[in-house]
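Enquirer:
Residue numbers (the numbering used here), protein chains in the order written: chain Y, 649 to 1106; chain H, 649 to 1106.
1. Bridge partners of residue 1011(H), per DSSP?
2. Can you list the residues of chain Y that residue 884(H) reaches, using a CB-CB cut of under 7 Å?
3. Quick one: list the residues of chain H neighbouring residue 851(Y), beta-carbon separation under 8 Å, in chain order.
4. Among the residues of its own chain, which have a CB less than 8 Å from the CB of residue 681(H), if the five just before and after it don't count?
5. Mind listing which residues of the region 972-987 of chain H have their C-beta closer than 7 Å to chain Y's C-betas, in chain order?
6. Residues in its own chain within less than 7 Å of residue 786(Y) by CB, not counting five upstream and five downstream?
7. Within the chosen definition, does the region 1038-1050 of chain H reach the region 835-846 of chain H through at least 3 CB pairs nearer than 8 Å?
8. For the candidate residues 1070(Y), 964(Y) and 679(Y), whose alpha-carbon lies nearest to that of residue 965(H)?
9. Ignore the nearest five residues each way along the sequence and tell me which others in residue 850(H)'s own chain have a CB closer than 6 Å to its CB.
10. Does DSSP classify residue 958(Y) as helix, strand or coil?
11. Short of 7 Å Cβ to Cβ, which residues in the region 947-964 of chain Y face chain H?
12. Taking the alpha carbon of residue 832(Y) as the reference point, which residue from 867(H), 782(H), 812(H) and 859(H) has its own alpha carbon closest?
13. By the three-class DSSP mapping on this structure, what secondary structure does residue 746(H) have?
14. Suppose you measure from the CA of residue 668(Y) to the CA of residue 765(Y); what does that come to, to the nearest Å?
15. Does the Cβ of residue 1083(H) have 16 or more other Cβ atoms within 10 Å, making it buried, or fewer, making it exposed?
16. Just to confirm my understanding: we take residue 996(Y), look at its own chain, exclude 5 residues before and 5 after, and list those with CB closer than 7 Å. What are they?
17. If you drop the 5 nearest sequence neighbours on each side, which residues of the same chain put their C-beta closer than 6 Å to that of residue 925(H)?
18. Going by the DSSP bridge assignment, what does residue 798(Y) pair with across the sheet?
19. To the nearest angstrom, report how far apart residue 763(H) and residue 749(H) are at their CA atoms.
20. Counting only C-beta atoms, is residue 1088(H) closer than 7 Å to chain Y at any point?
21. Could you tell me which residues DSSP pairs with residue 757(Y) in its beta bridges?
22. Less than 7 Å separating the beta-carbons of residue 784(H) and residue 1075(H)?
23. Flag residue 743(Y) as yes if its beta-carbon sits less than 7 Å from any beta-carbon of chain H, otherwise no.
24. With a threshold of 7 Å between beta carbons, is residue 680(Y) in contact with chain H?
25. Given a cut-off of 7 Å, decide if residue 718(Y) and residue 696(Y) are closer than it, judged by their beta-carbon atoms.
26. Just to confirm the assignment, what range does the beta strand (DSSP E) spanning residue 842(H) have?
27. Could you give the DSSP three-state label for residue 649(Y): helix, strand or coil?
28. Residue 1051(Y) by DSSP, collapsed to three states: which one?
29. Any beta carbon of chain Y sitting closer than 7 Å to that of residue 931(H)?
30. Hey, residue 825(H) and residue 1063(H) are a contact pair by Cβ (cut 8 Å); roughly how many whole angstroms apart?
31. Taking residue 713(H) as the reference, which of 797(H), 744(H), 672(H) and 811(H) has the closest Cα?
32. Hey, quick one: how far does the beta strand (DSSP E) through residue 971(H) stretch, first residue to last?
33. Going by the beta-carbon positions, is the gap between residue 1065(Y) and residue 861(H) smaller than 7 Å?
34. Taking its Cβ as the centre, do 16 or more other Cβ atoms sit within 10 Å of residue 742(H), making it buried, or is it exposed?
35. For residue 1085(H), does the count of other Cβ atoms within 10 angstroms reach 16, so buried, or fall short, so exposed?
36. Whole angstroms are fine: how far does the CA of residue 967(Y) sit from the CA of residue 649(H)?
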């Protein structure tokens, strides 16, 4: 049977596949930092070369930011699009890494072989699972499986500013029957998952300014407003004592989880205490009266992702700073409107500013939550094929993260997305010492081979 | 008359004096940053060379930190000690300087000639006023005026860790009848001041930690405690709605200003609105029911001097940081005990920590407030001599800053300090574009010549 031959090829090519992944991981394609723009470009070039070698018509496509990579294999039959992103998160704090984030290696962690390095799990290691599946398919069959489009983005970790215009400008070329997005995780080590609910994301950065210059706290301490104090008061006001966000109308469009879905989630072997325990926490800090799973999959949040102001270097400086700043993001669910929330948040801040304090509010990315139509055939076909590659049956789950691309695919290209990925809770995404289990990479590739086979014959 | 001859010499040597000051200012002796340790050492060497040239027995004296410079001229008569510090504040944010902070120049600001550069007013420009006074005296008289000791410190801007041990180890050598400290300001452009009340200072730095690593807000946002939120809540809790510090027993030892002193202050031509207006503020932010002058001279404060946590670089990162930190300092008055306050503050923080949050509290420098005995003759002699160099009579004032050296001189060496300086409210101490008025430098030098003359004949 052809799928088994392809899987045999995947197994015999394991070393070469790892070598290819390592050469990809060595490119420090940090999209949010302009200092790494050339590396993002190099990562795009690397993908174009790979895909061309496999037999795709691949090209690097310019945007005002980092380039897209688009590849096609035109054939009869249903049109499938595959998506991944080649950019990675920044690596700070660098001192917490135990090896160079861009010098990947196989290491052993808790008795398990892992691929260590920035981007292993998010998302280079993941996207290479389907690229390797295509390579193996081509090697065995001499052709690629069906009518295929591949899309790789280089700005996923920095708010995807070029994505929507690019999708709009290339609507016809990119519209497929279904998208497969590889940027999510397993439910647990034995249980693969298709993520059918995703939180949206709205982000912003703001600065509060007091005096027009930094002041000496000896001469001005007392009568001069301290912007760090103002900023702290603003942040403290964002939540009430029950963990609820206090911004007006914040919960507009947040629906309770339907009983049927809640019941299905209850059957999952989810250990919230273990999840928190894995990062040295014990008590859920979110909204009271919601389970940990609900807090992650079905409830919105307001989080401060960064704060800075005054003197933060070594030693001590008795300064009253002129300004202090914070980066804030909101995870959104249901029908919450990200633009309305950013506007309400700005108003919320402005109404609380003391005399003499100015606010500079800079809205960032904004995307709604997504809920997938799991009754579309591609979902069940993919779920069954995926189940064959892993010990346990694949499950439909929610996801706490935001993958705005799924929303854009539906809104702009009119297609739904099947979200499949193989990362694990302890992969350290966005953190020092990010890793991807070797099993995720290998069984992930096998998973795609089975999904491609099933979609072919469906 | 000899004093007038010396002043004539000061005037004829003005260009050369400025050249000397500039070469001193070019040394980036930032004491708080270990990267500039060699520059601190170079500044000490520079002073030793100057003082030796003038006729002092001068030497650089090692400490565990940056060196001290001590110089003597032994003679009959009352023993006077002069103090200044050769270290300077850091220069960040560097982009707000309109010229290199260590490339000093004469510039015009609001029609007035100023010396621009880091350390011009705090404290190199100031200490050079008495050094130049000694130089001129020596040039005219062929000898130095009396029994003199000079002490220069290189850690004043970083908490003076080596100062107390150095004073204790050299108690006999450094104990004089009176100290003159040049690190304060004029009352206003026409009115010199002797500062007889100084606030103390207690400082600390602390970190709150949640999870044992940075987390992805998609996967953990909701149930995971955000340390920036915890830190903001702690800082917000430090003051009540009347601007009062809420730390238990914080106001123990804070006495009301005696009516006589309050009455003297009321006669001063102090324009609080203008002071705040000069930095683009309008409303006093300190304790309600106290005047701006009282808030600065006679009331204690709690200020956050720096805050940091999470991702603070360009772009956006949806991280839940593992930790967040702040630097806090307290300005103290009256009989407030800095060690008790730091202890109470640590307890205050610990009592407010949510479950799962750890506190790392690092106490810093601690010095009590100082009140000088203005009935000692040296104060009135200095005040009268100082008055002759300026349009208005010199006044005894309070000071909002902390000059711990005055407290140490009394406690360790048993001597009082006459605090005289010539900086102005708009000098930008500790801020970008620090300056020192050319008039301050020139009339300051003249002031010391007159004080030396008066102390000689007293």
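Beta carbons: idealized from backbone N, C-alpha and C, even for Gly.
Expert: Concretely, from the data shown:
1. Numbered from 1 along the second chain, position 363 holds the residue referred to as residue 1011(H). In the DSSP output, where bridge partners are listed per residue, residue 1011(H) has 852(H).
2. By one-based count along the second chain, residue 884(H) stands at place 236. Result: 880, 881 and 884.
3. Working through the first chain from its first residue, we reach residue 851(Y) at position 203. Going along chain H in sequence order, the residues near residue 851(Y) (Cβ under 8 Å) are 964 and 966.
4. As a working note, residue 681(H) is residue 33 in the second chain. If we look at residue 681(H) and ignore the five residues flanking it on each side, its Cβ neighbours are 738.
5. 972, 975, 977 and 979
6. Here residue 786(Y) refers to the residue found at position 138 when the first chain is read from its first residue. Result list for residue 786(Y): 702, 703 and 792, in chain order.
7. yes
8. Translated into positions along the second chain, residue 965(H) becomes position 317. If we check each option's Cα against that of residue 965(H), 679(Y) comes out closest.
9. Here residue 850(H) refers to the residue found at position 202 when the second chain is read from its first residue. Result list for residue 850(H): 978, 986, 989, 990 and 1014, in chain order.
10. Walking along the first chain from the start, residue 958(Y) turns up at place 310. The answer is strand: DSSP assigns residue 958(Y) an E or B state.
11. 947, 949, 951, 952, 953, 954, 955, 956, 957, 958, 959, 960, 961, 962, 963 and 964
12. The count along the first chain starts at 1 and reaches residue 832(Y) at position 184. Here the closest residue by C-alpha is 867(H).
13. Here residue 746(H) is taken as the residue at index 98 of the second chain, counted from 1. Coil.
14. As a first step, residue 668(Y) must be located in the first chain, where it is residue number 20. As a first step, residue 765(Y) must be located in the first chain, where it is residue number 117. One C-alpha to the other measures close to 14 Å.
15. The count along the second chain starts at 1 and reaches residue 1083(H) at position 435. Buried, because 16 or more other Cβ atoms sit within 10 Å of the Cβ of residue 1083(H).
16. For the purposes of this step, residue 996(Y) is identified with residue 348 of the first chain, where counting begins at 1. The answer, listed in chain order, is 895 and 896.
17. The residue labelled residue 925(H) in the question sits at position 277 within the second chain. Correct list: empty, nothing qualifies.
18. For the purposes of this step, residue 798(Y) is taken as residue 150 along the first chain, with counting starting at 1. DSSP lists 719(Y) and 730(Y) as partners of residue 798(Y).
19. In the second chain, the residue the question calls residue 763(H) occupies position 115. In the second chain, the residue the question calls residue 749(H) occupies position 101. Roughly 11 Å separates the two Cα atoms.
20. On the second chain, residue 1088(H) is found 440 positions in, with the first residue counted as 1. No, residue 1088(H) lies away from the interface with chain Y (no Cβ there is under 7 Å from its Cβ).
21. In the first chain, residue 757(Y) corresponds to position 109, counting from 1. Per DSSP, 760(Y).
22. The count along the second chain starts at 1 and reaches residue 784(H) at position 136. The count along the second chain starts at 1 and reaches residue 1075(H) at position 427. The answer is no: Cβ separation not under 7 Å.
23. As a working note, residue 743(Y) is residue 95 in the first chain. It does not; no Cβ of chain H falls within 7 Å.
24. One-based indexing of the first chain puts residue 680(Y) at position 32. So yes, residue 680(Y) belongs to the interface.
25. In the first chain, residue 696(Y) corresponds to position 48, counting from 1. In the first chain, residue 718(Y) corresponds to position 70, counting from 1. No, they are not a contact pair.
26. Residue numbering aside, residue 842(H) sits at position 194 when the second chain is read from its first letter. Note, residue 842(H): beta strand (DSSP E), 841-846.
27. If you number the first chain from 1, residue 649(Y) lands on position 1. Low confidence applies to residue 649(Y): its pLDDT is 48, below 50, so where it sits in the model is not reliable, and the reading given next is rough at best. Here residue 649(Y) sits in coil by DSSP.
28. Here residue 1051(Y) is taken as the residue at index 403 of the first chain, counted from 1. It is coil, neither helix nor strand.
29. Here the question's residue 931(H) lines up with position 283 in the second chain. Yes, residue 931(H) counts as interfacial toward chain Y.
30. For the purposes of this step, residue 825(H) is identified with residue 177 of the second chain, where counting begins at 1. For the purposes of this step, residue 1063(H) is identified with residue 415 of the second chain, where counting begins at 1. About 7 Å; that satisfies the 8 Å criterion.
31. As a working note, residue 713(H) is residue 65 in the second chain. Selected option, being the one with the closest Cα: 811(H).
32. What you label residue 971(H) is simply residue 323 of the second chain in a count that begins at 1. Residue 971(H) -> beta strand (DSSP E) spans 971-980.
33. Translated into the one-based positions of the first chain, residue 1065(Y) becomes position 417. Translated into the one-based positions of the second chain, residue 861(H) becomes position 213. For residue 1065(Y) and residue 861(H), no; Cβs fall outside 7 Å.
34. If you number the second chain from 1, residue 742(H) lands on position 94. By the neighbour-count rule (16 or more Cβ atoms within 10 Å), residue 742(H) is not buried but exposed.
35. Position 437 of the second chain, counted from the start, is the residue given in the question as residue 1085(H). The residue in question, residue 1085(H), is buried, as its Cβ has 16 or more Cβ neighbours within 10 Å.
36. As a first step, residue 649(H) is located in the second chain; it is residue number 1 there, counting from the start. As a first step, residue 967(Y) is located in the first chain; it is residue number 319 there, counting from the start. Residue confidence for residue 649(H) is low, a pLDDT of 48 falling below 50, so the modelled location carries little weight; the figure read from the coordinates is stated next. Cα to Cα, the separation comes out at about 45 Å.
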